[in-house]
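Colleague:
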Amino acid sequence: MMDFLQKLNPQQQQAVTVGAGPVLVLAGPGSGKTRVLTARIAYLISHHRVYPYNILAVTFTNKAAREMETRVMSLLGPRARGLTLGTFHSTCARILRQEADHLPFTSNFVIFDSDDQIDIVRQALADLNLDEKRYRPTAIQAYISAAKNELIFPQDYPIQTYRDEVIKNVYARYQEILLAINGLDFDDLLLWAVWLFDEHPEVCAKYSRRFEQVLVDEFQDTNMAQYTLLKQLTSFHRNIFVVGDIDQSIYRWRGADYRNVLRFEKDYPEAQIILLEQNYRSTQSILDVAMAVIDHNPHRKPKRLFTQRGRGIRVVLHHAMDDRQEAAFVVDTIADLVARGEARPGDFAIMYRTNAQSRLLEEAFLHAGMPYKLVGAQRFYGRREVKDILAYLRLVRNPEDELSLTRAINVPPRGIGEKTLATLKVCARRASMSPGNLLLELSRGDTSPFWQQFPTRAATVLQQFGALLVHWRAHLNELPPLSLMDLILQDIQYRDYLEDGSDEGRERWENIMELRRLAAEYTERGLDAFLEDVALVSDQDTLDDSASVPTLLTLHAAKGLEFPIVFIVGLNDRVLPHVRSFDDPEAMQEERRLFYVGITRAKDRLYLVVPLNRHAYGFYEPLEESRFISDIPSSLLEYSGVEQVEAFRLAASAPADWQKNRVTSTPPLQPQFQPGARVLHPIWGEGMVLNSKIQDDDEIVDIFFEDVGLKRVAASLARLKLKV
DNA sequence: ATGGACAATGTTTTT
DNA sequence: CATTGTCCAT
1 MMDFLQKLNP QQQQAVTVGA GPVLVLAGPG SGKTRVLTAR IAYLISHHRV YPYNILAVTF
61 TNKAAREMET RVMSLLGPRA RGLTLGTFHS TCARILRQEA DHLPFTSNFV IFDSDDQIDI
121 VRQALADLNL DEKRYRPTAI QAYISAAKNE LIFPQDYPIQ TYRDEVIKNV YARYQEILLA
181 INGLDFDDLL LWAVWLFDEH PEVCAKYSRR FEQVLVDEFQ DTNMAQYTLL KQLTSFHRNI
241 FVVGDIDQSI YRWRGADYRN VLRFEKDYPE AQIILLEQNY RSTQSILDVA MAVIDHNPHR
301 KPKRLFTQRG RGIRVVLHHA MDDRQEAAFV VDTIADLVAR GEARPGDFAI MYRTNAQSRL
361 LEEAFLHAGM PYKLVGAQRF YGRREVKDIL AYLRLVRNPE DELSLTRAIN VPPRGIGEKT
421 LATLKVCARR ASMSPGNLLL ELSRGDTSPF WQQFPTRAAT VLQQFGALLV HWRAHLNELP
481 PLSLMDLILQ DIQYRDYLED GSDEGRERWE NIMELRRLAA EYTERGLDAF LEDVALVSDQ
541 DTLDDSASVP TLLTLHAAKG LEFPIVFIVG LNDRVLPHVR SFDDPEAMQE ERRLFYVGIT
601 RAKDRLYLVV PLNRHAYGFY EPLEESRFIS DIPSSLLEYS GVEQVEAFRL AASAPADWQK
661 NRVTSTPPLQ PQFQPGARVL HPIWGEGMVL NSKIQDDDEI VDIFFEDVGL KRVAASLARL
721 KLKV
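Numbering (our numbering), first residue to last: 1 to 724.
1. Rounded to a whole number of angstroms, what is the C-alpha to C-alpha distance between G341 and T551?
2. Going along the chain, which residues of its own chain have a beta-carbon closer than 6 Å to the beta-carbon of V25, five neighbours each way excluded?
3. Need the endpoints of the beta strand (DSSP E) that E638 sits in, please.
4. Using DSSP with H/G/I as helix, E/B as strand and the rest coil, what is R182?
5. If distances are taken between C-alpha atoms only, which option among R430, V110, R281, E418 comes closest to L184?
6. Could you compute how far the alpha carbon of V338 sits from the alpha carbon of R344?
7. When DSSP labels each residue in this structure, what does A147 get in the three-state scheme?
8. In this structure, does DSSP put G687 in helix, strand or coil?
9. Under a Cβ-count criterion, where at least 16 other Cβ atoms within 10 Å of its own Cβ denotes burial, should S404 be classed as buried or exposed?
10. Reducing DSSP to helix, strand and coil, say where P29 ends up.
11. Could you check if V566 is buried or exposed, using at least 16 other CB atoms within 10 Å of its CB as the buried criterion?
12. CB-CB under 6 Å to L75, same chain, minus the five flanking residues each way: which ones, in chain order?
13. If I measure Cβ to Cβ from Q141 and keep anything under 7 Å in the same chain, skipping five residues before and after, which residues do I get?
14. If you drop the 5 nearest sequence neighbours on each side, which residues of the same chain put their C-beta closer than 8 Å to that of R300?
15. Buried or exposed: where does N477 fall if 16 or more other Cβ atoms within 10 Å of its Cβ makes it buried?
16. Compare the C-alpha of E6 against each of V36, A20, G21 and name the closest.
17. Taking only three categories from DSSP, how would you classify R614?
18. Identify which residue in L305, M351, G312, R311 has its Cα closest to the Cα of E326.
19. Please report how far the alpha carbon of D164 lies from the alpha carbon of Y157, in whole angstroms.
20. Quick check for students: name the residue ranges of the alpha helix (DSSP H) that lie wholly in the region 461-536, counting only runs of 4 or more.
21. What does E625 pair with, by DSSP beta-bridge criteria?
22. Compare the beta carbon distance of D738 and N149 with 9 Å and say whether it is the shorter of the two.
23. Between which two residues does the beta strand (DSSP E) holding L305 run?
24. Check the DSSP bridge columns for A57 and list the partner residues they point to.
25. Put I632 into one of helix, strand or coil per three-state DSSP.
26. Quick check on S635: buried or exposed, where buried means 16 or more other Cβ atoms within 10 Å of its Cβ?
27. Please state if the CB of G598 and the CB of I632 are separated by a distance shorter than 9 Å.
28. Could you pull the start and end residues of the alpha helix (DSSP H) that Q11 belongs to?
29. Pull up the distance between the alpha-carbon of F264 and that of A320, whole angstroms please.
30. Given a cut-off of 9 Å, decide if S630 and P577 are closer than it, judged by their beta-carbon atoms.
31. Could you pull the DSSP bridge partners for Q278 from this structure?
32. Taking buried to mean at least 16 other C-beta atoms within 10 Å of its own C-beta, is G77 buried or exposed?
33. Is D584 helix, strand or coil by DSSP?
34. Return the chain-ordered list of same chain residues with a C-beta closer than 8 Å to the C-beta of Y620, the five sequence neighbours on each side being excluded.
35. Skipping 5 residues on each side, what residues in its chain have a beta carbon closer than 6 Å to that of A458?
36. Using only the alpha-carbon positions, how far apart do L233 and R379 sit?
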């Protein structure tokens, strides 16, 4: 029964059985890191008599957590009961609910998603009389989120410019609003957990003693808050076992910092470091392409990936005339391989850089009458109809939730417009109560002392809505989430509202049916659990492994997954690597890692697809091949598709005429940016030109930015705008 | 208060 | 192009 150790290779065995103290496992793609993590947990329980209760394992997605749980269970059976296994966010949520006495909110707080966050920023801007045009809510939200990831509270927000001061004020107001409605955003879950452990060492000690063994998956994607949290939790015993791979770090924009891996080595000098290089997933042909790509990133510890699976089929590089032909190629190839019995539909995955790219692919699948599935929680939970119904549920659960109230109160339209809503809020503030509670009060009709304060029409509609709320709240504790949802749907006649006869309306109602299906699973666990899980789902969590049809997903969503046959599409400069990463070397390296992650998902076959033109923003425009393609020796590739391109590639060493023809806009030879001119940069904001010179057919501009200081940029890449 | 017509505007990745 | 915001008539 302990034979799980025998099935491991020597490095894996070493990782699983290494003694106590800090351990860093550097695990290449497909090297069996989940297997190591689960075997380690099983080993601790079976060989070292560690109680499952004393083990904490954290992952980044619920799917990964569930998979680990299943695997540990299959190794140990019921002996593994009592493990704490979850995502960073869900684990923190649990701790915060448990310890709410020490925190400035109560244990039934609601978790707000990124759309809600934008709404709150809007509210904060309005409260401070700031213009949304000048301070874009999404930008402000990004600053707030970045600050939270760095554990910076509003009062400590560093100020260098006037803009910083504004952000600080908005951030402060933002937090006030959240606390007033008893809500936390994603980042707060981590931030408050760290704060709790900092302010209350006895609480920290409690958890640190309880979790005597801490294991972490995807360690390269931790941010400062998560790293600090781990340090706090393990300060007591230093039993921290982390698994990661810097080459697969792709969440920098979300605050993740792969340098946490280096920090770990420094903070735990006694750490055992174990390298897993043997790959059990891909053929050598695929691994060679992967290494060729990633080796172009500087400052890497070289890692040699090898496999015993043999060479396999050569990686295909296909050039398509445009993005439509690209989609057609994908669908045709799949149909062909399936027809020839070489693969089953469920073997395929199609990966792309941006969600927008899925549309043409979906159309091609639809056109061919071929079923497919699309990974993406955002897409579902971001739908208006889904958010509406969730807002109703949140409001019923917590009438103080002004955000959900604002969302729900006039959907479907019931005559409560902006004016009435504003009066309601003012009135509530004057009586120092929440608008939701005022609404409950107004349900009593003209016996309510507040009745007089509204025009008769407004008072009537508000009373009706208040009465609905009272009615739903009466059933809050007796009805399971699904029944409560059905009650609401019926009372507001949501179906009639959505189904207007259009395809879109029907689709919206189908989304509601899907939401019902999800709610049905919470009959035992209740509404709070439903609302929490819904807030914390990851894209991967929506992936249904059982459906045996091709999968469409972003490269980001693909991390940690594997498929027999993979297509990576849209391999163009400005797509992958994405435009927004051109003037930042770190971002550019991350794009390369993203490509690497995609390549290493493939087990047997890999298709790299390059469209030469695309339909974008109403125009048909030429595209350049991704610069990453030229990192791959042509001996590793099988060329397919548009023939001239192959000739182009072969002739590329000699600067031929075609290059001139393919470049659409020739760079200006006269400097466009004069010293003293004001310019606008998409990321760095406003700045002043200090100097500019022509070099290599491009304009090199030195700019002093208000926010980030002196930068040197290439005009052709940086998308500068002259300010007038 | 509501819904339609038109203009502007923006285009990454997601717990 | 597709979404979102703004203005205007009902």
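Glycine is no exception: its CB is placed at the ideal position from the N, C-alpha and C atoms.
Source: prediction; values computed, not measured.
Modeller: Looking at the coordinates:
1. 19 Å
2. Hits under 6 Å: A15, V243, I274.
3. 637-641
4. The sequence given here places Asn at residue 182; Arg does not occur at that position. Three-state DSSP puts N182 in coil, outside helix and strand.
5. V110
6. 6 Å
7. helix
8. strand
9. It counts as buried.
10. coil
11. Around the C-beta of V566, 16 or more other C-beta atoms lie within 10 Å, and the residue is accordingly described as buried.
12. F4, A42
13. Q117, I118, V121
14. I246, D247, I294
15. When all chains shown are included, N477 counts as exposed.
16. Note that residue 6 corresponds to Gln in the displayed sequence, not to Glu. Of the listed residues, the one whose Cα sits closest to Q6 is V36.
17. strand
18. M351
19. 8 Å
20. 481-491, 494-498, 503-519, 526-535
21. N572
22. Absent from the structure is residue 738, since the part of the chain shown begins at 1 and ends at 724.
23. Looking at the DSSP string, L305 is not in any beta strand (DSSP E), and its letter there is neither H nor E.
24. L85, L215
25. coil
26. exposed
27. The Cβ-Cβ distance between I632 and G598 does not fall below 9 Å.
28. 10-17
29. 45 Å
30. no
31. In DSSP, Q278 forms a bridge with F306.
32. exposed
33. coil
34. D322, N613, R614
35. T420
36. Roughly 35 Å between the two C-alpha positions.
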